[in-house]
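In our numbering, the protein residues as written are 70 to 506. For glycine and all other residues, C-beta sits at the position ideal for the given N, C-alpha and C.
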């Protein structure tokens, strides 16, 4: 048993001083408020539950700062992304993902949902181990010290029935049945879950039922994530191909439910919002990527009011900072509506903790509570950004940044301490350099 005295901690009922937590075999054995214990390790600052990054493409980290030349569009950005995707192999992917996940841990992220579609060799042939690339991601998470939900992704078309081309050949298993056979060979561990994803309705064959029916059957009882209505062009293409919106298409084929995560959910009709709300689906918003790509601002408050549950992701890793993602949800709503006060700070913290972990299949994480996984993230409340801000949930959401994290614990193990960022930066330089040479 290890004991920690948290100077201030955010519990389910709010922020409290002097919170004594005891950790046994990676879980909280006790949580007591207002207790001073001389034998416990003192943790100064404000401590939160671990953060869950529900949408990540680890290899996109190699694009940061390199796609801003000229004016460009989402589609020109995508071409640069494909160029990086073509260069990676299991070894370079392991190095890049490990460094990227270490950057996440340094930002207080204790669990990641990795939306994985780089399955095969650049020409589309499987590796000797067909899951070599996915296993590289699982190993990267283990080395970095965070849990992972590997969201192995179905991708069968470059666009509404068109054959995959170029880098997309790496993504394609040929059929959902072949995808199921490959994914079924992926082992889960205590710190790694295997779940599924559909890249988007654009990635379906000409007859979507041939893919959606077996996918829906496989996904029963498992998290299933999908890029949904990220672009207006996606909605238009879906309407032209199938006569319905992407949300309606998924609903009609049994793919909307309480374990579904709709990623982005930006350009939605009233009917779409009702369908997602009635399904109690998760909606994974990634504001820093959505603004970087010019995607637009999704209707986060309307979705929540309809019954959907908000989670957060860093997606393309334009930045890796869930504090920024939290406040961006509220601030983007203010820009669109020209009004304040759409989201309370506590709601946004919940999106980044309890809801985020649940959407990735980790229902026993996201709170500092007895029996839960011992994930703790401590932020400095005396930095130039956080000093004088109240040292509560409002500090976390509206003042803190990733660099304010001083310590991260995952399953009872301290996996990041203040002072390790320089070494993580060097690892990123080395890993990204190998991708671009």
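Distances from the alpha-carbon of residue 337 to those of 327, 360, 324, 308 put 308 closest. Membership of residue 506 in any alpha helix (DSSP H) is not indicated, and neither H nor E is assigned to it by DSSP. Spanning the alpha carbons of residue 151 and residue 423 requires a straight line of approximately 33 Å. Counting only the Cα atoms, residue 474 lies some 22 Å from residue 399.
Annotated three-state conformation of residue 286 is helix, per DSSP. Straight-line spacing of the CA atoms in residue 368 and residue 346 works out to 12 Å. With contact defined as three or more Cβ pairs closer than 8 Å, the region 422-436 and the region 150-167 are not in contact. The closest CA to that of residue 256, considering only 166, 190, 203, 403, is found on 203. Distance from the CA of residue 182 to the CA of residue 380, rounded to the nearest whole angstrom, comes to 11 Å. Counting along the chain, no beta strand (DSSP E) covers residue 419; the unbroken alpha helix (DSSP H) around it starts and ends at 414-421. Between the region 210-226 and the region 167-181, the count of C-beta pairs closer than 8 Å reaches three or more; the two stretches touch. In the three-state scheme derived from DSSP, where H, G and I count as helix and E and B as strand, residue 353 is classed as strand.
Across the set 80, 371, 207, the C-alpha of 207 shows the shortest separation from the C-alpha of residue 219. Remark: C-beta atoms of residue 295 and residue 319 approach each other more closely than 8 Å. In the three-state scheme derived from DSSP, where H, G and I count as helix and E and B as strand, residue 453 is classed as coil. Note that the C-beta distance between residue 119 and residue 445 is below 8 Å.
When DSSP states are grouped into helix, strand and coil, residue 70 belongs to the coil group. Straight-line spacing of the CA atoms in residue 490 and residue 483 works out to 15 Å. Contact annotation: residue 109 and residue 170 have beta-carbon atoms that are not nearer than 8 Å.
Here residue 435 is buried. Its C-beta has 16 or more other C-beta atoms within 10 Å. The way I'd put it, the region 236-252 does touch the region 283-293; three or more beta-carbon pairs between them come closer than 8 Å. When the five nearest sequence neighbours on each side are left out, the beta carbons in the same chain lying within less than 8 Å of the beta carbon of residue 80 are those of 88, 100, 102, 436, 437, 438, in order along the chain. DSSP places residue 304 in the helix class (H, G or I) of the three-state scheme. Counting only runs of at least 4 residues, the region 117-156 fully encloses the following alpha helix (DSSP H) elements, listed from N- to C-terminal order: 143-156. Counting only runs that start and end inside the region 423-493, the beta strand (DSSP E) elements of at least 3 residues fall at 445-448, 474-479, 482-486. In the structure shown, residue 190 adopts coil according to DSSP, grouped into three states.
Contact between residue 298 and residue 333 holds, since their C-beta atoms are separated by about 7 Å, short of 8 Å. The residue among 96, 72, 83 with its C-alpha nearest the C-alpha of residue 443 is 96.
Check the Cα spacing between residue 126 and each of 372, 221, 70: the tightest is with 221.
At a Cβ-Cβ threshold of 8 Å, residue 366 and residue 117 do not count as neighbours. Boundaries of the beta strand (DSSP E) around residue 265: 261-267.
Cβ contact annotation for residue 322 (same chain, cutoff 8 Å, sequence separation greater than five): 277, 278, 281, 282, 285, in chain order. A buried status is given to residue 428, since no fewer than 16 other beta-carbon atoms sit within 10 Å of its beta-carbon.
Within 10 angstroms of the beta-carbon of residue 431 lie 16 or more other beta-carbons, which makes it buried.
According to the DSSP assignment, residue 251 belongs to no beta strand (DSSP E) but to the alpha helix (DSSP H) extending over 245-252. Scanning its chain for C-beta atoms nearer than 8 Å, with the 5 sequence neighbours on each side dropped, one finds around residue 196 the residues 159, 189, 190, 202, in chain order.
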